[in-house]
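One rule links them: number in the working numbering = place in the sequence shown (from 1) + 176.
Glycine included, C-beta positions come from ideal geometry on N, C-alpha and C.
Just so it is clear, the structure is predicted and the values come from calculations on it, not from any experiment.
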Amino acid sequence: MINADYRVATSAGEAVALKRRHPDAAFIGGGTNLVDLMKADVARPRLLIDVTRLPLQNVVALRDGGLRIGALARNSDMANDPLVRSQYPLLSQALLAGASPQLRNMATAGGNLLQRTRCYYFYDTGFAECNKRTPGSGCAAREGHNRIHAILGASPQCVATHPSDMAVALAALRATVRVLGPDGERQIALADFYRLPGDAPQRDTQLAPDELIVAIDLPPPRFARGAHYLKVRDRASYAFALVSVAAALDVADDGIVRDAALALGGVAHKPWRVPAAEQALIGRRLDAAGIEKAGDILLAGNAPLAHNGFKVELARRSIERALLTAVAQGGRT
Ligand SMILES: Cc1cc2nc3c(=O)[nH]c(=O)nc-3n(C[C@H](O)[C@H](O)[C@H](O)COP(=O)(O)OP(=O)(O)OC[C@H]3O[C@@H](n4cnc5c(N)ncnc54)[C@H](O)[C@@H]3O)c2cc1C
Ligand code: SF4
177 MINADYRVAT SAGEAVALKR RHPDAAFIGG GTNLVDLMKA DVARPRLLID VTRLPLQNVV
237 ALRDGGLRIG ALARNSDMAN DPLVRSQYPL LSQALLAGAS PQLRNMATAG GNLLQRTRCY
297 YFYDTGFAEC NKRTPGSGCA AREGHNRIHA ILGASPQCVA THPSDMAVAL AALRATVRVL
357 GPDGERQIAL ADFYRLPGDA PQRDTQLAPD ELIVAIDLPP PRFARGAHYL KVRDRASYAF
417 ALVSVAAALD VADDGIVRDA ALALGGVAHK PWRVPAAEQA LIGRRLDAAG IEKAGDILLA
477 GNAPLAHNGF KVELARRSIE RALLTAVAQG GRT
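Right under this line is the structure:
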């Protein structure tokens with residue numbers, strides 16, 4: 177039986193103060209990941225702080241031309257928001273590629289960012305070895321069934337991948353995460369928000385335990401056209417990415433790429449973006465050599481495990497397809 181108290185937070189400040197007073201508490205958004213983890217006995221919060229009534233549900237235009245997405249905006253509302261659809265189609269596509277309509281109706285922006293890995297061994301307490309669940313216990317996936325695991329940035333302690341589709345698009349779009357803690361608000365670039373596992377894989381992000389995500393900010397749109405989120409998975413729906421690519425291009429009338437955004441999902445403990453790969457595409461026509469170079473840069477240092485070597489070639493081909501589709505979406509070739 178799950179035995180936890182439940183409080184509804186009436187302000188963001190109250191939510192943070194409650195969390196500070198109760199280190200064994202957890203914020204709960206849509207609950208679509210946290211409740212599953214509680215049922216599996218992986219998460220054991222003693223207090224659930226329901227943040228869904230906080231006035232953080234809207235998507236609003238910013239003065240600088242960017243967009244602020246409240247942390248409690250539901251994934252389906254974000255995906256269908258007129259500004260997101262017209263100005264940030266990459267984000268809308270990534271959201272719609274995730275989960276199912278029912279789950280997207282429940283899931284919140286903040287909860288989506290903080291969903292935990294889908295490594296089977298993390299969810300199955302029948303396996304004692306999982307450094308992410310029980311620090312110091314080992315990693316069952318490293319020598320086990322590791323088809324879905326990381327090919328980049330892993331450590332001997334953990335080879336898990338981050339599962340969020342939304343986060344991959346946000347990384348490509350250079351989003352920032354706004355968080356509220358006991359000392360006030362701060363912003364963290366999405367590129368710095370997630371951690372590589374290193375020797376502390378129990379920590380997915382740079383967030384302090386008593387910090388609440390309040391919003392996601394997007395810079396002014398640069399890729400209102402010419403964006404494509406490609407997700408390759410075992411089933412056409414209701415499945416996590418084996419590899420995904422968030423690709424967006426701004427191509428001038430003469431065919432020269434003026435700007436590029438590129439990030440991979442399903443390959444590492446965080447969305448995988450290497451700015452040099454985008455630079456390799458800029459200032460030239462999109463051709464096979466440029467695409468290959470971008471792929472080489474993104475995949476440099478890859479270290480597949482026994483069962484996931486296929487992801488390297490899959491990522492290369494997916495990068496090519498996503499970029500070519502992005503150009504076609506932009507109406508220019
Ligand atoms: C069957 C299934 C299939 C799925 N398929 C996909 C998929 O293909 N792609 C994909 O991207 N996702 C997929 N998901 C995951 C889904 O997107 C997440 O479960 C969801 O986005 C989590 O959001 P939530 O609001 O329900 O989070 P919750 O479960 O409420 O919370 C998740 C975590 O975030 C913390 N949290 C929540 N809100 C805040 C906040 N504002 N500040 C700080 N901490 C917070 C919680 O404490 C918890 O640790 C799938 C889920 C299921 C069950
Ligand atoms: S890959 Fe990470 S989450 Fe999976 S078993 Fe190893 S330590 Fe646990």
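Indicate whether Leu-248 and Leu-232 have their beta-carbon atoms separated by less than 8 Å. Closer than 8 Å, so yes.
Which partner residues of Cys-295 appear in the DSSP bridge assignment? Its beta-bridge partners do not exist; DSSP assigns none.
Distance between Ala-367 and Asp-435 (C-alpha atoms, nearest Å): Put simply, the backbone Cα of Asp-435 is about 18 Å away from that of Ala-367.
Rounded to whole angstroms, what is the Cα-Cα separation between Thr-337 and Ser-494? The alpha-carbon of Thr-337 is positioned some 18 Å away from that of Ser-494.
Neighbourhood of ligand 2 [Cβ distance below 5 Å to any heavy atom], ordered by chain position: Selection output, chain order preserved: Cys-295, Tyr-297, Phe-298, Cys-306, Asn-307, Lys-308, Cys-315, Ala-316, Ala-317, Cys-334, Val-335 and Ala-336.
So Lys-308 and Thr-293 are supposed to be a Cβ contact under 8 Å. How far apart are they, rounded? The Cβ separation is near 7 Å, so the contact holds.
When you compare the CB positions of Val-344 and Gly-441, do they come within less than 8 Å of one another, or not? Their beta carbons are under 8 Å apart, which means Val-344 touches Gly-441 by this criterion.
Does the distance between the C-beta of Ala-247 and the nearest non-hydrogen atom of ligand 1 fall short of 7 Å? Inclusion of Ala-247 in the 7 Å shell around ligand 1 follows from its C-beta lying nearer than that to a non-hydrogen atom of the ligand.
Ala-203 Cβ short of 7 Å to ligand 1 heavy atom set: Per the sequence shown, residue 203 should be read as Phe rather than Ala. Yes, since a heavy atom of ligand 1 falls inside the 7 Å radius drawn around the Cβ of Phe-203.
Taking the alpha helix (DSSP H) that Leu-194 belongs to, which residues open and close that run? Counting along the chain, the unbroken alpha helix (DSSP H) around Leu-194 starts and ends at 188-197.
So what's Gly-507 in DSSP terms, helix, strand or just coil? In this predicted model, Gly-507 has a pLDDT of only 46, less than 50, meaning its place in the structure is not dependable enough to derive any value.
Inter-residue Cα distance where the pair is Leu-372 and Ala-502: C-alpha separation (whole angstroms): 29 Å.
Within the present structure, is the beta-carbon of Ser-340 separated from the nearest heavy atom of ligand 1 by less than 7 Å? Using a cutoff of 7 Å, the CB of Ser-340 counts as near ligand 1, since one of the ligand's heavy atoms is closer than that.
Cβ-based burial, Phe-486 [other Cβ within 10 Å; buried from 16]: Looking at its Cβ environment, which holds fewer than 16 other Cβ atoms inside 10 Å, Phe-486 is exposed.
So is the beta-carbon of Met-282 under 7 Å away from any non-hydrogen atom of ligand 1? Checking the Cβ of Met-282 against ligand 1 gives yes.
Test item: CB-CB of Ser-340 and Asn-288 under 8 Å: With respect to the 8 Å criterion, Ser-340 and Asn-288 are classified as neighbours on the basis of their beta carbons.
Return the CA-CA distance between Ala-417 and Glu-361, expressed in angstroms with no decimal places. Each residue's alpha carbon lies about 33 Å from the other.
Ile-392 - containing beta strand (DSSP E), residue span: Counting along the chain, the beta strand (DSSP E) containing Ile-392 begins and ends at 388-394.
Among Asp-393, Ala-423 and Ile-432, which one has its Cα closest to the Cα of Ala-453? The alpha carbon of Ala-453 has as its nearest neighbour, out of Asp-393, Ala-423 and Ile-432, the alpha carbon of Ala-423.
What's the call for Lys-195, buried or exposed, on a 16-neighbour Cβ count within 10 Å? It is buried - the Cβ of Lys-195 has at least 16 other Cβ atoms within 10 Å.
Tell me which residues share the same chain as Gly-320 and place their Cβ nearer than 7 Å to its Cβ, disregarding the 5 neighbours each side in the sequence. Cβ within range, chain order: Tyr-297.
When the Cα of Arg-222 is compared with those of Ala-193, Tyr-182 and Asn-209, which residue comes out closest? When each option's Cα is compared against that of Arg-222, the closest is Tyr-182.
Just the Cα atoms here: how many angstroms apart are Tyr-264 and Pro-397? Distance between Tyr-264 and Pro-397, taken at the CA atoms: about 7 Å.
In DSSP terms, what Thr-228 is bridged to: Residue pairing for Thr-228: DSSP places it in no beta bridge.
Might you give, ordered along the chain, the residues of its own chain that have their beta carbon closer than 8 Å to the beta carbon of Leu-388, omitting 5 neighbours on each side? Non-local C-beta neighbours of Leu-388 in its own chain, meaning closer than 8 Å and more than five positions away in sequence, comprise Ala-188, Ala-191, Val-192, Lys-195, Phe-203, Val-227, Ala-247, Gly-286, Val-355, Leu-356 and Gly-357, ordered along the chain.
List the endpoints of the continuous beta strand (DSSP E) containing Arg-183. For Arg-183, the enclosing beta strand (DSSP E) starts and ends at 181-184.
Just to confirm the assignment, what range does the alpha helix (DSSP H) spanning Gly-286 have? That run of the alpha helix (DSSP H) goes 285-289.
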